[in-house]
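Protein sequences, first through last, are from chains A and B. Quick note on our numbering: the first sequence kicks off at 1 and runs consecutively. Quick note on our numbering: the second sequence kicks off at 121 and runs consecutively.
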Amino acid sequence: MKTVEDLERIRKQAKVMTKLREGGETTKVVVGMGTCGIAAGARETLSAIMDELARRNIQDVIVTQTGCIGLCEQEPIITVERPGEGKVSYGKVSGERARKIVASHVINGQVVGEWVIPAS
Amino acid sequence: MRELSLHILDIAQNSIEAGADSIEIIITENESSDTLTICILDNGSGIPAEALDNITDPFVTSRKTRRVGLGIPLFKEAARAAGGGLQIRSAVGKGTEIKADFSLSSIDRAPLGNIAETMALLMVCNPEVHFKYEHIRGNTKFMCSTSSLEEILNGIPLGSPGAVSVIRSFIDGGLEDIRVS
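Structure (structure tokens):
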């Protein structure tokens, strides 16, 4: 059984992570996890992103989720936002594509042009 | 959806969007009564009574971007196809309980699938939400909650990418232990 102190410590840790998420200084990756995203394979996409970040021991990238943004036919969709740069949204992001986007864009700042969803 | 664990991920996302900071997922497999029950309980904003009546209608959604919502209708259909059904109880300001039951042996029942992956990703990507996952098989039970993870993670912060594989293998191992012989 956990003590109140244990729970308090976990809560504090979660708060630090939340604060990190809200800060604008880190790279953000947002994964579409609405029904359409999940049906199209977003769980595998999210899992691949987390795995690739873990494998490279990257701690300062924030991965969050969002719902349906009305582009269901492009799901799974991920959006990458590096500090001081604009948001870039990618479509039909399989696990394999997600790994390449993490390596190329998230870590090295090179947008993977062929998978970017064109602004309509 | 190919797996029931994907429906669980989808419904839990609804709970998170409803502002829940506590989400319980209880899966019960009972061979003697041939039932599989999935219960998702949250303390989110709840659903108003007038919306509850038609929530399983695909053309009803609280979303503003598009006027159809498929999450709950799809889950209901998966249950119905496997000889079961779906019930929702909700109170505004208190939370929501969604319960789906299936015939365990029905050939039309989707497999539970990678529930360890669903739970690990939910827990790591939402460290501010307290998750509790309980899996009952016959008279054996496996339980894993956000508050019990610290020991398992052994210094790895809950919200960090490296936590996913640790939690996933912990859950897989726990489910292996309660496999009905």
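From the three backbone atoms N, C-alpha and C, an ideal C-beta is built for every residue, glycine too. These numbers come from a predicted model, not from an experiment.
Practice item. State the beta-bridge partners of B/Q133 as determined by DSSP. Key: Residue numbering aside, residue 133 of chain B sits at position 13 when the second sequence is read from its first letter. None, per the DSSP bridge assignment.
Review point. Among B/V284, B/F290, B/E270, which residue has its Cα nearest to the Cα of A/R9?
Key: Taking the first residue of the first sequence as 1, we reach residue 9 of chain A at position 9. Here the closest residue by C-alpha is B/E270.
Review point. Is B/R122 buried or exposed, if buried means 16 or more other CB atoms sit within 10 Å of its CB?
Key: By 1-based counting over the second sequence, the position of residue 122 of chain B is 2. The residue is exposed, with fewer than 16 neighbouring Cβ atoms inside 10 Å.
Review point. Quick one: does B/P281 have its CB under 8 Å from some CB of chain A?
Key: Start at 1 with the first residue of the second sequence, and residue 281 of chain B comes out as number 161. Yes, because at least one Cβ of chain A sits closer than 8 Å to the Cβ of B/P281.
Check your understanding: Whose Cβ in chain B lies nearer than 8 Å to the Cβ of A/S47?
Key -> As a first step, residue 47 of chain A must be located in the first sequence, where it is residue number 47. What A/S47 touches in chain B: E237, L241, V284.
Point to revise | Neighbour flag for B/R186 against chain A, beta carbons, 8 Å | key: Here residue 186 of chain B is taken as the residue at index 66 of the second sequence, counted from 1. With a pLDDT of only 48 at B/R186, under 50, the local geometry of the prediction cannot be trusted, and the value read off the model is given with reservation. Cβ-Cβ to chain A under 8 Å: yes for B/R186.
Check your understanding: Exposed or buried, B/R187, counting other C-beta atoms within 10 Å across all chains shown (16 or more means buried)?
Key -> Here residue 187 of chain B refers to the residue found at position 67 when the second sequence is read from its first residue. Since pLDDT at B/R187 reaches only 45, below the 50 mark, its modelled position is unreliable, and the value read off the structure follows with that caveat. Result: exposed.
Review point. What are the start and end residues of the alpha helix (DSSP H) that includes A/T35?
Key: The residue labelled residue 35 of chain A in the question sits at position 35 within the first sequence. Where A/T35 is concerned, the enclosing alpha helix (DSSP H) stretches over 35–40.
Check your understanding: Span of the alpha helix (DSSP H) holding B/A198?
Key -> Mapped onto the second sequence, residue 198 of chain B falls at position 78. First-last of the alpha helix (DSSP H) with B/A198: 191–201.
Check your understanding: Which partner residues does B/F262 have in the DSSP bridge list?
Key -> Here residue 262 of chain B refers to the residue found at position 142 of the second sequence. Bridge partners of B/F262: B/H255.
**Study point:** N- and C-terminal bounds of the alpha helix (DSSP H) containing A/G95
**Key:** Working through the first sequence from its first residue, we reach residue 95 of chain A at position 95. Unbroken alpha helix (DSSP H) run through A/G95: 95–101.
**Study point:** Own chain residues within Cβ distance below 7 Å of A/E75, not counting five before or after
**Key:** Along the first sequence, one-based indexing puts residue 75 of chain A at 75. Excluding positions up to five away in sequence, the list reads G32, C36, G37, A40, A42.
Practice item. Using the Cα positions of B/D297 and B/T260, report the straight-line distance between them to the nearest angstrom. Key: The residue given as residue 297 of chain B occupies position 177 in the second sequence. The residue given as residue 260 of chain B occupies position 140 in the second sequence. Roughly 9 Å separates the two Cα atoms.
Review point. Applying the criterion that 16 or more other CB atoms from any shown protein chain within 10 Å of the CB defines a buried residue, is B/S289 buried or exposed?
Key: The residue given as residue 289 of chain B occupies position 169 in the second sequence. Exposed, by the Cβ-count rule.
Practice item. Can you pull the chain A residues whose beta carbon is under 8 Å from the beta carbon of B/M121, in chain order? Key: Numbered from 1 along the second sequence, position 1 holds the residue referred to as residue 121 of chain B. In chain order: I38, A39.
Exercise for review: Just the C-alpha distance for A/V116 and A/R97, rounded to the nearest angstrom, thanks.
Suggested key: Locating residue 116 of chain A in the first sequence gives position 116, counting from the first residue. Locating residue 97 of chain A in the first sequence gives position 97, counting from the first residue. A/V116 and A/R97: Cα-Cα distance of roughly 11 Å.
Practice item. Less than 8 Å between the CB atoms is what I'm expecting for A/I101 and A/I78, so what's the real figure, rounded? Key: As a position in the first sequence, residue 101 of chain A is number 101, starting the count at 1. As a position in the first sequence, residue 78 of chain A is number 78, starting the count at 1. A/I101 to A/I78, Cβ: 7 Å. Contact.
**Study point:** Coil, strand or helix - B/R187 by DSSP
**Key:** Residue 187 of chain B sits at position 67 when you count from the first residue of the second sequence. Note that B/R187 scores 45 on pLDDT, short of 50, meaning its location in the model is unreliable; the coordinates nonetheless yield the value given after this. Coil.
Check your understanding: Are any of the Cβ atoms in chain A nearer than 8 Å to that of B/E137?
Key -> Here residue 137 of chain B corresponds to residue number 17 of the second sequence, with the count starting at 1. It does; some Cβ of chain A falls within 8 Å.
Check your understanding: Cβ of A/K28 within 8 Å of Cβ of A/T66?
Key -> To locate residue 28 of chain A, count along the first sequence from 1; it is residue 28. To locate residue 66 of chain A, count along the first sequence from 1; it is residue 66. No. Outside cutoff.
Review point. What's the call for B/L129, buried or exposed, on a 16-neighbour Cβ count within 10 Å?
Key: Position 9 of the second sequence, counted from the first residue, corresponds to residue 129 of chain B. By the 10 Å Cβ count, B/L129 comes out buried.
Practice item. Check each candidate in A/A48, A/R82, A/E73 and name the one with the smallest Cα separation from B/V284. Key: Along the second sequence, one-based indexing puts residue 284 of chain B at 164. The option with the nearest alpha carbon to B/V284 is A/A48.
Practice item. Please report how far the alpha carbon of B/T185 lies from the alpha carbon of B/I158, in whole angstroms. Key: Translated into the one-based positions of the second sequence, residue 185 of chain B becomes position 65. Translated into the one-based positions of the second sequence, residue 158 of chain B becomes position 38. Only weak support is given to the placement of B/T185: the predicted model assigns it a pLDDT of 48, under 50, and the value that follows is read from those uncertain coordinates. For B/T185 and B/I158, the distance between alpha carbons rounds to 29 Å.
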